[in-house]
Amino acid sequence: MSPRTLETLIKLQEKGIGVILSSGRHINSLKKYGNMLHFEKYPMSGYSCINGQSYHDHLGNKIFEHERLNYDDYLKIRKYAKASSLWLYRIYKK
């Protein structure tokens, strides 16, 4: 994050405007930016992670998480992808 961006986002928070950091990644990859932005002082700020699948408050506490794809549906999608010669990458935990 550039110094100018950091300064601008902190000024927005000081004016009462929440900053939501959004990423397709897990919360752990965003926390360093929340720390740089002093999120602990701004409860209106937070995180949107895993492409909007989970939301966290300014301290990183999970507020909401969408239900993940169930394993049986994943297997159906994988079977279709293989039959259609589509590349599919997914790490699935039961």
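Just so we're aligned, residue 188 is where the sequence shown starts under the numbering used here, counting upward by one.
Cβ atoms here follow ideal geometry from the backbone N, Cα and C, with glycine treated the same way.
Using beta-carbon positions only, say whether residue 239 and residue 218 come within less than 8 Å of one another. The residue labelled residue 239 in the question sits at position 52 within the sequence shown. The residue labelled residue 218 in the question sits at position 31 within the sequence shown. Between residue 239 and residue 218, the C-beta gap is not smaller than 8 Å, which leaves the two residues out of contact.
Secondary structure of residue 221, DSSP reduced to three states: On the sequence shown, residue 221 is found 34 positions in, with the first residue counted as 1. It is helical.
Length at least 3, wholly inside the stretch 227-260: the beta strand (DSSP E) runs in chain order: Listed in chain order, the complete beta strand (DSSP E) runs (minimum 3 residues) inside the stretch 227-260 are 233-236, 241-243, 249-252.
To which residues of the same chain is residue 250 closer than 7 Å at the C-beta, ignoring the five residues directly before and after it? Locating residue 250 in the sequence shown gives position 63, counting from the first residue. Only 242, 243, 244 meet the Cβ criterion.
In terms of alpha-carbon separation, which member of 267, 207, 269 lies closest to residue 236? Reading the sequence shown from its first residue, position 49 is the one you call residue 236. When each option's Cα is compared against that of residue 236, the closest is 207.
Under a three-way DSSP split, which group does residue 209 fall into? Residue mapping note: residue 209 aligns to position 22 of the sequence shown, counting from 1. Residue 209 falls in the strand class under three-state DSSP.
Three or more C-beta pairs below 8 Å linking the stretch 218-232 and the stretch 189-205: Verdict: yes, contact present.
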